[in-house]
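Peer 1: Protein chains in written order, with this note's numbering: chain A, 6 to 198; chain B, 6 to 198. Ideal Cβ placement from N, Cα and C applies to all residues, glycine included.
There are 2 protein chains.
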Amino acid sequence: MTTSSKRPLRADARRNRDLIVETARAAFASKGVDASLEEIAKTVGVGQGTLYRHFPTREDLIAAAIQDDVEQLARNADKRVRARYPLKALGEWLRELALFSRTYSGLPNRVLDASVGKSGSFAELCGSLESLTDRVLVRGKETGQIRADVTAEDVFLLANAVAWSLTKARGTELLEKHIAILLRGIASGTNEV
Amino acid sequence: MTTSSKRPLRADARRNRDLIVETARAAFASKGVDASLEEIAKTVGVGQGTLYRHFPTREDLIAAAIQDDVEQLARNADKRVRARYPLKALGEWLRELALFSRTYSGLPNRVLDASVGKSGSFAELCGSLESLTDRVLVRGKETGQIRADVTAEDVFLLANAVAWSLTKARGTELLEKHIAILLRGIASGTNEV
DNA sequence: GACATAAACGGACACCATGTCCACTTATTC
DNA sequence: GAATAAGTGGACATGGTGTCCGTTTATGTC
Numbered sequence: 006m007t008t009s010s011k012r013p014l015r016a017d018a019r020r021n022r023d024l025i026v027e028t029a030r031a032a033f034a035s036k037g038v039d040a041s042l043e044e045i046a047k048t049v050g051v052g053q054g055t056l057y058r059h060f061p062t063r064e065d066l067i068a069a070a071i072q073d074d075v076e077q078l079a080r081n082a083d084k085r086v087r088a089r090y091p092l093k094a095l096g097e098w099l100r101e102l103a104l105f106s107r108t109y110s111g112l113p114n115r116v117l118d119a120s121v122g123k124s125g126s127f128a129e130l131c132g133s134l135e136s137l138t139d140r141v142l143v144r145g146k147e148t149g150q151i152r153a154d155v156t157a158e159d160v161f162l163l164a165n166a167v168a169w170s171l172t173k174a175r176g177t178e179l180l181e182k183h184i185a186i187l188l189r190g191i192a193s194g195t196n197e198v
Numbered sequence: 006m007t008t009s010s011k012r013p014l015r016a017d018a019r020r021n022r023d024l025i026v027e028t029a030r031a032a033f034a035s036k037g038v039d040a041s042l043e044e045i046a047k048t049v050g051v052g053q054g055t056l057y058r059h060f061p062t063r064e065d066l067i068a069a070a071i072q073d074d075v076e077q078l079a080r081n082a083d084k085r086v087r088a089r090y091p092l093k094a095l096g097e098w099l100r101e102l103a104l105f106s107r108t109y110s111g112l113p114n115r116v117l118d119a120s121v122g123k124s125g126s127f128a129e130l131c132g133s134l135e136s137l138t139d140r141v142l143v144r145g146k147e148t149g150q151i152r153a154d155v156t157a158e159d160v161f162l163l164a165n166a167v168a169w170s171l172t173k174a175r176g177t178e179l180l181e182k183h184i185a186i187l188l189r190g191i192a193s194g195t196n197e198v
């Protein structure tokens, strides 16, 4: 699903593409996802035209850059689906999601945008994260630990919001605290977290 | 505290200043707080130099533009402090805060920035909003309806985060739902909201 | 190996926004 | 009504985005 069905890229194009993705990832990690594309192109040593040809929009490039991380997240989430304590598992998933967002400052903004205007590879990536959230959530509903009226959309939006509000160099204590508040609000009755 | 202690502005400067603020408010309300300052200046009919002279940073201008709204919020909050049901009052305050944020798209971003790097008139304005939150919160703690370990900073950050995640043209149902989740997480025990 | 050709490239360019600077204009004060 | 401090406007330097097109290059074919 990753590689498109078109004919394979020319060798030099392939090389450039990979280099761009790798460089972009480093730049996004250190300067945030709004880093200058012009500069990324310059770092790679290609023209801007080349960069834009491979990635028509910034979000396409972001999607390519974070894809590995997202796949890793997905793998971890898969394990959690079968966890013994769904609420706790959900908490861990939220934490992981938030810490991931932290790696790329400005990402939650993009995620939010994507969740409104659905289209493109980045939006798809976000969609997959939301589905993962749903899978972890469903278990909790089955066991009755999570309120029935809470949807994956709710949880995903809220998790993204919390991640967003803590991106600017805050300690992790606040993150823990806010996740705990979220979980309490999502849980049915008086479950302890 | 609003007007600085310096000598009064020259008549023409005063007029320009007011016009700029008024125009900016309209622009921020319709295009968000990232609206082009160049364009605002052009609309007013002054040079960019004039605008920047009055408001060295964009946040200074935002602060001036939203000041009236914030004062209105403050007045309303004052009433709530003495409310009979503190948790409910807090909910109303959060709702009002979020709806206000909605009016100026992009505002939560600025609020977050300000809460990190404290300085300038805008940061002060944000600080006053946080204090208001605290006042509403304290009552709830006194009556034992709100957890002791929840601070005004927590609530303010979370409220801002929720407002942020719902700025992009979503219905108010989601807002209600998310505020309810927040309140549940903040409340001690099993208070109904 | 040479050639034809489609694919890919690079960087100049048009556009837009920010924020600064300074020669000029104008309100105020005496 | 002159002196002067206060205020003004807009040109400019800077830096980012996204497009366009003349040039270069990989690749399949003979």
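1) Sorted by chain position, which residues of the same chain lie with C-beta nearer than 8 Å to Thr7 of chain B's C-beta, five sequence neighbours on each side aside?
2) Spatial neighbours of Ala168 of chain B within its chain, please: C-beta separation below 6 Å, excluding the five flanking residues on both sides.
3) Are the C-beta of Trp98 of chain B and some C-beta of chain A separated by less than 8 Å?
4) In three-state terms, what does DSSP make of Leu119 of chain A?
5) From this set, A:Ala29, A:Thr177 and A:Ala166, which residue's C-alpha is nearest Thr172 of chain B's C-alpha?
6) Quick test of your reading: Ala88 of chain A and Ala79 of chain A, contact by CB under 8 Å. State the CB separation rounded to the nearest angstrom.
7) Are the segment 181-197 of chain A and the segment 31-45 of chain B in contact at 8 Å, needing three or more beta carbon pairs?
8) Would you mind stating whether Glu135 of chain B and Phe161 of chain B have Cβ atoms separated by less than 8 Å?
9) Is there at least one Cβ from chain A nearer than 8 Å to Lys182 of chain B's Cβ?
10) Check this for me: beta carbons of Ala70 of chain A and Arg15 of chain A, under 8 Å apart or not?
11) Count the other CB atoms, across all protein chains shown, that sit within 10 Å of the CB of Gln150 of chain B; report buried if there are 16 or more and exposed otherwise.
12) Name the chain A residues whose beta carbon is nearer than 8 Å to that of Lys173 of chain B?
13) Could one say the Cβ of Thr7 of chain A lies closer than 8 Å to chain B's Cβ atoms, at least one of them?
14) Below 8 Å between beta carbons: does that hold for Leu66 of chain B and Val49 of chain B?
15) Assuming Ser170 of chain B and Leu117 of chain A make a contact with CB atoms under 8 Å, what is their CB distance in whole Å?
16) Is there at least one Cβ from chain B nearer than 8 Å to Val167 of chain A's Cβ?
17) Against chain A, does Gly190 of chain B count as a neighbour if the rule is that its beta carbon must be under 8 Å from one of theirs?
18) Under 8 Å between C-beta atoms, does Ile25 of chain B make it to chain A?
19) Specify the secondary structure class of Ala153 of chain B as computed by DSSP and reduced to three states.
20) Quick one: Cα of Gly52 of chain A to Cα of Thr55 of chain B, how far?
21) Per DSSP, Ala192 of chain A is paired with what?
22) Quick one: which unbroken alpha helix (DSSP H) runs of 4-plus residues sit fully inside the segment 63-133 of chain B? Chain order, please.
23) Along chain A, in chain order, which residues have C-beta atoms closer than 9 Å to that of Ile151 of chain B?
24) By the three-class DSSP mapping on this structure, what secondary structure does Asp39 of chain B have?
25) Alpha carbons only, please: which of B:Leu179, B:Ser126, B:Val141 and B:Val121 is nearest the one belonging to Gly176 of chain A?
26) Should Thr28 of chain B be counted as a contact of the ligand COA given a C-beta to heavy atom distance under 7 Å?
27) When the Cα atoms are used, what is the spatial distance from Val141 of chain B to Glu43 of chain A?
28) I need the straight-line Cα distance from Val143 of chain A to Arg58 of chain B, nearest angstrom please.
29) Where does Gly52 of chain B sit, in a helix, a strand or coil, going by DSSP?
30) Report buried or exposed for Asp154 of chain A, applying the criterion of at least 16 other Cβ atoms within 10 angstroms of its Cβ.
31) Is any beta-carbon of chain B found at less than 8 Å from that of Leu163 of chain A?
32) Going by Cα to Cα distance, which pick from B:Ala68, B:Pro61 and B:Ala157 is closest to Leu137 of chain B?
33) Using DSSP with H/G/I as helix, E/B as strand and the rest coil, what is Leu24 of chain B?
Peer 2: A quick look at the data gives this:
1) The predicted model places Thr7 of chain B with a pLDDT of 45, which falls under 50 and marks its position as unreliable; any figure quoted below should be read in that light. Around Thr7 of chain B: Gln72.
2) Ala103, Ser106 and Pro113
3) no
4) In the sequence on display, residue 119 of chain A carries Ala and not Leu. Reduced to three states, the DSSP call for Ala119 of chain A is helix.
5) The alpha carbon of Thr172 of chain B has as its nearest neighbour, out of A:Ala29, A:Thr177 and A:Ala166, the alpha carbon of A:Ala166.
6) Between Ala79 of chain A and Ala88 of chain A the Cβ distance is about 15 Å, and since that is not below 8 Å, they are no contact.
7) no
8) yes
9) yes
10) No, the pair does not count as a contact, with Cβ atoms beyond the cut-off.
11) buried
12) Leu117, Asp118 and Val121
13) For Thr7 of chain A, the predicted structure reports a pLDDT of 44, less than 50, and the residue's modelled location is therefore unreliable. A value from the coordinates is still provided. Answer no: the Cβ-Cβ gap between Thr7 of chain A and chain B never drops below 8 Å.
14) no
15) 6 Å
16) By this cut-off, Val167 of chain A is an interface position.
17) yes
18) With 8 Å as the cut-off, Ile25 of chain B does not count as an interface residue toward chain A.
19) coil
20) Distance between the alpha carbons of Gly52 of chain A and Thr55 of chain B: 39 Å.
21) A:Ile151
22) 63-86, 91-108 and 112-121
23) Those do not exist, as Ile151 of chain B stays about 11 Å from chain A at its closest Cβ, beyond 9 Å.
24) coil
25) B:Val121
26) Within the structure as shown, the ligand COA is missing, as the structure has no ligands at all.
27) 48 Å
28) 56 Å
29) coil
30) exposed
31) For Leu163 of chain A, the answer is yes, since a Cβ of chain B falls inside 8 Å of its Cβ.
32) B:Ala157
33) helix
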